[in-house]
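See below for the structure under consideration.
Protein chains: 2
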Amino acid sequence: MPRKERHTLGEQAAKNIITYIQEENYQPGDKLPNEYEFSELLGVSRNTVREALRVLVSRNIVTIRQGAGTFVSEKKGVSDDPLGFTMVDDRVKLTKDLLQIRYIIEPSVAALAAQNATPEDLEKLKEILLEVEALTGQRMDFTEKDAEFHAQIANCTHNTVMSNLIPVINMGVEIFSSEISQREYEQTIRSHRSIYLAIRDKRAADAKEAMQFHLLYNSNRFMEEKVLSEEQL
Amino acid sequence: MPRKERHTLGEQAAKNIITYIQEENYQPGDKLPNEYEFSELLGVSRNTVREALRVLVSRNIVTIRQGAGTFVSEKKGVSDDPLGFTMVDDRVKLTKDLLQIRYIIEPSVAALAAQNATPEDLEKLKEILLEVEALTGQRMDFTEKDAEFHAQIANCTHNTVMSNLIPVINMGVEIFSSEISQREYEQTIRSHRSIYLAIRDKRAADAKEAMQFHLLYNSNRFMEEKVLSEEQL
Chain Z
4 MPRKERHTLG EQAAKNIITY IQEENYQPGD KLPNEYEFSE LLGVSRNTVR EALRVLVSRN
64 IVTIRQGAGT FVSEKKGVSD DPLGFTMVDD RVKLTKDLLQ IRYIIEPSVA ALAAQNATPE
124 DLEKLKEILL EVEALTGQRM DFTEKDAEFH AQIANCTHNT VMSNLIPVIN MGVEIFSSEI
184 SQREYEQTIR SHRSIYLAIR DKRAADAKEA MQFHLLYNSN RFMEEKVLSE EQL
Chain C
4 MPRKERHTLG EQAAKNIITY IQEENYQPGD KLPNEYEFSE LLGVSRNTVR EALRVLVSRN
64 IVTIRQGAGT FVSEKKGVSD DPLGFTMVDD RVKLTKDLLQ IRYIIEPSVA ALAAQNATPE
124 DLEKLKEILL EVEALTGQRM DFTEKDAEFH AQIANCTHNT VMSNLIPVIN MGVEIFSSEI
184 SQREYEQTIR SHRSIYLAIR DKRAADAKEA MQFHLLYNSN RFMEEKVLSE EQL
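Top to bottom, those sequences are chains Z and C.
So the first sequence is numbered by my numbering: it starts at 4 and just counts up by one.
So the second sequence is numbered by my numbering: it starts at 4 and just counts up by one.
What follows is the structure, given as structure tokens:
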């Protein structure tokens, strides 16, 4: 079975390239050797290198920019749609499931962030907080910046898996509310500030509670709109 | 840029195949139309279908068995190594980070399982429990069955994201102990039984507590072996 064989060669070369990236301590964004150089380094054909790189691109381990070369991906090997959200038909159920998971994880993430954040982490968190506030002040869509705020809290934990997981779970949450009221803009600002201040001052218990309130407030909006209205007493 | 163009066609066809799978309600393991049929169905070339299928294979949405055809993947679109564990150099830190996340998530998962499990879910959970016990009784490696036990608890929650997430986090935890003592075999059996019984009897609070004890017991073994021994008072 030559097909199988070729597959294995490419996979093996992919593994060797991963080892090479780690041993040479390449960082996200760094430029890697070209096809020819990899072929020399690994002692395999350029065809095999090409196949290996295709595998690594699909796993978001490297990225190829036409004309510029091959780079270590900024996505750090986290796949697109890693948990298969695309394959879930019922989007309301998916959103409900994700809100449930966020409520389980993120309060503890906030507590760990309060415990472990460095001054640099906090500086970045404050920057993002102010950007969210600027957007809400102008009544602009703050979804993306909001996700960044939660992702930076995950980074503050210094738990690598948390840093990779939180953006996946947050990006899966679909915007559910057709209209965001004045009240919700204000609530977002107040909640984010409480969370930020508690993390900054290393008040882990308060950070956890502030995150609980923030998530419950938002879940509640969703449940009222999409779920409770269909329940009978 | 013909390359870009072709990429987009394949990606578009991949999206259409996903929609087709969902609309026709295909389940994991079901056989899909062949290349020729998809080409007719989607109104694209067989080359484009082939490219689309390659994308879907790499995302674990479909699987191709040589000579047998194309099937909906049992992996339900969850990528291999979805959170990029391969790219983390420090394996001890990775294990520590994963144990931390398990401790945050799994007790709540056990509580939800106690609340939501159906009789069929419980039957399957019991079956796996007995298999783990049989393996520990023979002093055989029970790692895989143990992971299955935890995955089935996640299934009992009926939260789709949980079902997809728990196996990812558990598979990432590397076996850390070179020797498993008699004591640990007994502890595994006792902990699993407590968790199972609490879930079966819908005692959510007890299920949560039993899972907390189980995870802390195991983390503790790891911390004593790998982390605490290097800390100074």
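Glycine included, C-beta positions come from ideal geometry on N, C-alpha and C.
Residue i: which of the options sits nearest, CA to CA?
{"i": "Val52 (chain C)", "options": "C:Val164, C:Arg186 and C:Glu38", "result": "C:Glu38"}
{"i": "Leu218 (chain C)", "options": "C:Glu130, C:Tyr106 and C:Glu189", "result": "C:Tyr106"}
{"i": "Arg169 (chain Z)", "options": "Z:Ala116, Z:Val95 and Z:Glu26", "result": "Looking at the sequence itself, residue 169 (chain Z) is Ile, so the reference to Arg does not match. It is Z:Ala116."}
{"i": "Glu27 (chain Z)", "options": "Z:Gly13, Z:Glu14, Z:Leu44 and Z:Leu12", "result": "Z:Leu44"}
{"i": "Thr191 (chain Z)", "options": "Z:Ile172, Z:Met174 and Z:Asn221", "result": "Z:Asn221"}
{"i": "Gly175 (chain Z)", "options": "Z:Lys96, Z:Glu212, Z:Ser111 and Z:Pro110", "result": "Z:Lys96"}
{"i": "Ser166 (chain C)", "options": "C:Gly32, C:Ala120, C:Glu14 and C:Tyr29", "result": "C:Ala120"}
{"i": "Ala114 (chain C)", "options": "C:Arg57, C:Tyr199 and C:Gln103", "result": "C:Tyr199"}
{"i": "Gly140 (chain C)", "options": "C:Val81, C:Ser184 and C:Phe74", "result": "C:Ser184"}
{"i": "Val135 (chain C)", "options": "C:Gln155, C:Val81, C:Arg206 and C:Arg57", "result": "C:Gln155"}
{"i": "Met90 (chain C)", "options": "Z:Arg94, Z:Ser82, Z:Met90 and Z:Val91", "result": "Z:Ser82"}
{"i": "Ala55 (chain C)", "options": "C:Asp92, C:Glu14 and C:Thr146", "result": "C:Glu14"}
{"i": "Leu125 (chain Z)", "options": "Z:Ile67, Z:Glu147, Z:His153 and Z:Thr98", "result": "Z:His153"}
{"i": "Gln118 (chain Z)", "options": "Z:Ala157, Z:Gln30, Z:Glu227 and Z:Asn50", "result": "Z:Ala157"}
What are the boundary residues of the beta strand (DSSP E) that includes residue i?
{"i": "Ile67 (chain Z)", "result": "Val65 to Arg68"}
Classify residue i: buried if its beta carbon has 16 or more other beta carbons within 10 angstroms, exposed otherwise.
{"i": "Met4 (chain C)", "result": "Reliability of the predicted coordinates at Met4 (chain C) is poor, the pLDDT of 35 falling under 50, and no value is obtained from them."}
{"i": "Gly87 (chain Z)", "result": "buried"}
{"i": "Gly72 (chain C)", "result": "exposed"}
{"i": "Glu189 (chain C)", "result": "exposed"}
{"i": "Leu133 (chain Z)", "result": "exposed"}
{"i": "Glu151 (chain C)", "result": "buried"}
{"i": "Thr22 (chain C)", "result": "exposed"}
{"i": "Asp204 (chain C)", "result": "exposed"}
{"i": "Lys7 (chain C)", "result": "Because the pLDDT of Lys7 (chain C) is 42, which lies under 50, any placement of that residue in the model is unreliable, and the question is left without a value."}
{"i": "Arg196 (chain Z)", "result": "exposed"}
{"i": "Asn223 (chain C)", "result": "exposed"}
{"i": "Arg62 (chain C)", "result": "buried"}
{"i": "Ala208 (chain C)", "result": "exposed"}
{"i": "Arg9 (chain C)", "result": "Its pLDDT being 42, under 50, Arg9 (chain C) is placed unreliably by the model, and the measurement read from it follows with that caveat. Label assigned to Arg9 (chain C): exposed."}
{"i": "Lys34 (chain C)", "result": "exposed"}
{"i": "Leu236 (chain C)", "result": "exposed"}
{"i": "Leu59 (chain Z)", "result": "buried"}
{"i": "Ser48 (chain Z)", "result": "exposed"}
{"i": "Leu231 (chain Z)", "result": "exposed"}
{"i": "Gly32 (chain C)", "result": "exposed"}
{"i": "Gly80 (chain C)", "result": "buried"}
Between residue i and the ligand COA, is the CB less than 6 Å from at least one heavy atom?
{"i": "Ile24 (chain C)", "result": "The ligand COA is not part of the structure shown, which contains no ligands of any sort."}
Under 9 Å (Cβ pairs) to chain Z, residues found in the stretch 77-101 of chain C: For the stretch 77-101 of chain C, which is checked against every Cβ of chain Z, the residues closer than 9 Å are Lys78, Lys79, Gly80, Val81, Ser82, Asp83, Asp84, Pro85, Leu86, Gly87, Phe88, Thr89, Met90, Val91, Asp92, Asp93, Lys96, Leu97, Lys99, Asp100 and Leu101.
Going along the chain, which unbroken runs of the alpha helix (DSSP H) with 4 or more residues stay wholly within the stretch 87-173 of chain C? As far as the stretch 87-173 of chain C is concerned, its whole alpha helix (DSSP H) runs of at least 4 residues are 94-119, 122-140 and 146-159.
Whole alpha helix (DSSP H) elements within the stretch 32-75 of chain Z, 4-residue minimum: Unbroken alpha helix (DSSP H) runs of no fewer than 4 residues, entirely contained in the stretch 32-75 of chain Z, are found at 38-45 and 49-61, following chain order.
Ordered list of alpha helix (DSSP H) runs contained in the stretch 181-224 of chain C, each at least 4 residues: As far as the stretch 181-224 of chain C is concerned, its whole alpha helix (DSSP H) runs of at least 4 residues are 185-203.
If the cut-off is 8 Å on Cβ atoms, which residues from the stretch 152-176 of chain C count as contacting chain Z, listed in chain order? Those residues of the stretch 152-176 of chain C that come within reach of chain Z (Cβ to Cβ, closer than 8 Å) are Asn162, Thr163, Val164, Met165, Asn167, Leu168, Val171, Ile172 and Gly175.
Output, in sequence order along the chain, the residues in the stretch 111-123 of chain C whose CB is closer than 9 Å to any CB in chain Z. Listed in sequence order: Ser111, Val112 and Leu115.
Listed in chain order, which residues of the stretch 14-35 of chain C have Cβ atoms closer than 7 Å to some Cβ of chain Z? Listed in sequence order: Ile21 and Gln25.
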